[in-house]
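In structure tokens, the structure reads:
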């Protein structure tokens with residue numbers, strides 16, 4: 001059974017405005033959208049924690065995070081694997097907040113034997129119609145870059161991200177996966 005939930009327990013919002021949660025005794029899929037506002041951030045994380053707490057029979061969570069949790073550091077290993085340390089840019093609240101959400105689901109997983117968590121860390125996702133505001137802004141900026149020293153950007157198609165979520169659900173993957 002699927003429904004949309006917000007960061008405030010008991011309130012639902014239209015499907016285009018809220019994270020997705022599949023309410024099932026065996027499986028929950030959570031996609032966290034966290035605001036850059038300090039107050040909204042704490043409310044979102046509290047609501048996320050409450051959603052996990054309110055469904056004690058759930059044994060698997062899929063969290064769609066972001067590769068941004070690694071931070072854009074010159075000394076990052078190449079290739080950047082799932083084993084790399086999380087070092088989000090302290091000036092980028094969104095990345096820090098996703099790191100906190102990852103910690104929250106890891107604590108949830110470790111609290112009860114038999115629980116599993118899939119953390120997907122996608123690159124910036126884009127749709128062919130350009131519906132992602134962040135991806136659109138980044139893509140527009142790419143057209144203005146002329147320097148050879150500028151690092152290349154990596155994008156992910158939304159269909160590929162959806163496929164990764166489905167694979168995580170169907171295979172009940174446990175671990176962190178760069179997408």
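Numbering (my numbering), first residue to last: 1 to 179. All residues carry an ideal CB built from backbone N, CA and C; glycine is no exception.
>> DSSP three-state label for residue 146, please.
In response: On the chain shown, position 146 is the one that residue 146 refers to. Confidence in residue 146 is poor, its pLDDT being 49 and thus under 50, which makes the residue's placement unreliable; the coordinate value appears in the next sentence. Looking at residue 146 - three-state DSSP - the assignment turns out to be coil, as it is neither helix nor strand.
> Comparing alpha-carbon positions, which option in 53, 58, 178 lies nearest residue 123?
Replying inline: Position 123 of the chain shown, counted from the first residue, corresponds to residue 123. When only C-alpha atoms are compared, the closest one is 178.
> Does DSSP put residue 63 in a helix, in a strand, or in coil?
Replying inline: For the purposes of this step, residue 63 is taken as the residue at position 63 of the chain shown. DSSP places residue 63 in strand when its eight states are reduced to three.
> Name the DSSP beta bridge partners of residue 175, please?
Replying inline: Numbered from its first residue, the chain shown carries residue 175 at position 175. Per DSSP, 118.
> So, do the region 66-86 and the region 94-104 have three or more beta carbon pairs nearer to each other than 8 Å?
Replying inline: yes
> Whose C-alpha, out of 128, 121, 155, is nearest the C-alpha of residue 63?
Replying inline: Position 63 of the chain shown holds residue 63. Of the listed residues, the one whose Cα sits closest to residue 63 is 121.
> Would the C-beta of residue 66 count as close to the ligand MG, meaning under 6 Å from any of its heavy atoms?
Replying inline: Only the bare structure without any ligand can be found here, which leaves the ligand MG out of the picture.
>> Please list the terminal residues of the continuous alpha helix (DSSP H) segment that includes residue 98.
In response: As a working note, residue 98 is residue 98 in the chain shown. Its alpha helix (DSSP H) spans residues 93-111.
>> Residues in the same chain with beta-carbon distance under 8 Å from residue 114, minus the five sequence neighbours each way, listed in chain order, please.
In response: As a position in the chain shown, residue 114 is number 114, starting the count at 1. So the qualifying residues of the chain are 59.
> For the beta strand (DSSP E) that contains residue 124, what are its first and last residues?
Replying inline: By one-based count along the chain shown, residue 124 stands at place 124. From DSSP, the beta strand (DSSP E) with residue 124 extends over 124-126.
> Straight-line CA distance for residue 49 to residue 80?
Replying inline: Locating residue 49 in the chain shown gives position 49, where the first residue counts as 1. Locating residue 80 in the chain shown gives position 80, where the first residue counts as 1. Their backbone Cα atoms lie some 29 Å apart in a straight line.
> What are the boundary residues of the beta strand (DSSP E) that includes residue 156?
Replying inline: The residue given as residue 156 occupies position 156 in the chain shown. Residue 156 -> beta strand (DSSP E) spans 155-157.
> Would DSSP call residue 164 helix, strand or coil?
Replying inline: In the chain shown, residue 164 corresponds to position 164, counting from 1. DSSP places residue 164 in helix when its eight states are reduced to three.
>> Quick check on residue 168: buried or exposed, where buried means 16 or more other Cβ atoms within 10 Å of its Cβ?
In response: Start at 1 with the first residue of the chain shown, and residue 168 comes out as number 168. Burial call: buried.
> Under a three-way DSSP split, which group does residue 47 fall into?
Replying inline: For this step, residue 47 is matched to residue 47 along the chain shown. Correct three-state label for residue 47: helix.
>> Output needed for residue 105: all residues of its chain with C-beta closer than 6 Å, excluding positions within five of it in sequence on either side, in chain order.
In response: For the purposes of this step, residue 105 is identified with residue 105 of the chain shown, where counting begins at 1. So the list reads 61, 63, 117, once near-sequence residues are dropped.
> Between residue 127 and residue 52, what straight-line distance do the alpha-carbon atoms span, to the nearest angstrom?
Replying inline: For this step, residue 127 is matched to residue 127 along the chain shown. For this step, residue 52 is matched to residue 52 along the chain shown. Roughly 30 Å between the two C-alpha positions.
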